[in-house]
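Peer 1: I am attaching a structure below and will ask some questions about it afterwards.
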Amino acid sequence: VILDLTDCPANEDSEPLFINRDLMTNIRRVLRDGGVLAEQTYCPYSNNALLSAAVEVFKTATRNVCYGYVPVPCFPNGGIGLCFGRVWKNGQDNVDLSKPLVKITEERAHEMGLKCYYDEFHAGSCTMPLEFRKWWKDIVES
-17 VILDLTDCPA
-7 NEDSEPLFIN
3 RDLMTNIRRV
13 LRDGGVLAEQ
23 TYCPYSNNAL
33 LSAAVEVFKT
43 ATRNVCYGYV
53 PVPCFPNGGI
63 GLCFGRVWKN
73 GQDNVDLSKP
83 LVKITEERAH
93 EMGLKCYYDE
103 FHAGSCTMPL
113 EFRKWWKDIV
123 ES
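Residue numbering for the sequence shown follows the working numbering, starting at -17 and increasing by one per position.
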């Protein structure tokens, strides 16, 4: 399941979808064991309060949460943040999501027609500044 919800309008009468616990609970229910949930979210330091809220709700669907950052020069903050996790209904929450489950070399990516993905790119997107890494660890482990 891929969620692109950060651009949803939020007003005083409704909570934004990306911090909706019912939505995440339903996503967890429909994903099969080992299913992947990915959500566009905020980039480091752009809005840490909303990012914290989004992560807390994301953990409703999966306790195995990883963060990635993808540079997008035309975006106001220079990129987008991504939360992703695998849903393990049998309790296997110790998978390192910063490492690809399936190795896709540059050559294989080219054969598959992938223009923006290969193993090194995946691992690189999960690299965070030290200050943000500490903050991230605190909110994920809380």
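For every residue, glycine included, the Cβ atom is placed at its ideal position computed from N, Cα and C.
List the residues that DSSP assigns as beta-bridge partners of F103.
Peer 2: Here residue 103 is taken as the residue at index 121 of the sequence shown, counted from 1. F103 is not bridged to any residue.
Peer 1: Decide yes or no for the touch test of the region 91 to 101 against the region 36 to 47: beta carbon pairs closer than 8 angstroms, at least 3 of them.
Peer 2: Counting Cβ pairs under 8 angstroms, fewer than three are found: no touch.
Peer 1: Assign R3 to one of three DSSP states: helix, strand, or coil.
Peer 2: Residue mapping note: residue 3 aligns to position 21 of the sequence shown, counting from 1. Residue state, collapsed to three classes: helix.
Peer 1: On a CA-only basis, which of Y49, I9 and G17 is nearest P26? Give me that one, please.
Peer 2: By one-based count along the sequence shown, residue 26 stands at place 44. Comparing Cα-Cα distances from P26 to each of Y49, I9 and G17, the minimum goes to Y49.
Peer 1: Could you give the DSSP three-state label for I62: helix, strand or coil?
Peer 2: By one-based count along the sequence shown, residue 62 stands at place 80. If DSSP states are grouped into helix, strand and coil, I62 belongs with the strands.
Peer 1: Output needed for D(-5): all residues of its chain with C-beta closer than 6 angstroms, excluding positions within five of it in sequence on either side, in chain order.
Peer 2: By 1-based counting over the sequence shown, the position of residue -5 is 13. Reliability fails at D(-5), whose pLDDT of 48 lies under 50, so the model's placement of it is uncertain and the value that follows must be treated cautiously. Within the same chain, D(-5) has no close Cβ partners at all.
Peer 1: From the DSSP output, in three-state form, read off L79 for me.
Peer 2: The residue given as residue 79 occupies position 97 in the sequence shown. In the structure shown, L79 sits in coil (DSSP, three-state: anything other than H, G, I, E or B).
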